[in-house]
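For the sequence shown, counting from 1, position 36 maps to 36 in UniProt numbering; every step adds exactly one. Built from N, CA and C at the ideal position, the CB exists for glycine as well. Values in this document were obtained by computation on a predicted structure and should not be read as measured data. To start, the structure under review is shown below, and the notes come after it.
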Amino acid sequence: MKANDIIGMNVIDEEDNYIGTVEDMSIDKNNGSIEKVNIILDQGLFSNKKTISFDQVNEISDDMTIFSIIDIY
C-alpha cells in the first residue's frame, strides 16, 4: 500500500466508531516505516488534529482502525 492510499483514509476505532481522517504521516527515512499518523478529528462543528504513534494502529484495510483505548480527544 502506498502512502497516497493511506492519506485521506477514514480512521475508526475497534468498535467501528468514526474518529476522523488521516491527514499525513511521518516516515522513518532509514527504513521507510511509518512512525506517526496525523489525524483530523471529526468533532462536529469543530475539527482538531491529533498525532498518534503507528503502534497505536490496529489495522489498515479500507479504513485505518486504531485501538479503542487511545485517548483520541
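Contact under 7 Å by Cβ, residue i with residue j
i, j, result
"residue 79", "Glu14", "Examination of residue 79 is not possible in this model, given that the chain is present from 1 through 73 alone."
"Met25", "Val11", "no"
C-alpha distance - residue i paired with residue j, whole-angstrom precision
i, j, result
"Ile19", "Ile60", "14 Å"
"Thr65", "Ile40", "14 Å"
"Ile52", "Met1", "19 Å"
"Ser47", "Ile7", "17 Å"
"Asp28", "Asn17", "29 Å"
DSSP three-state assignment for residue i, whether helix, strand or coil
i, result
"Asp28", "coil"
"Asp55", "helix"
"Asp13", "strand"
"Asp5", "helix"
"Ser33", "coil"
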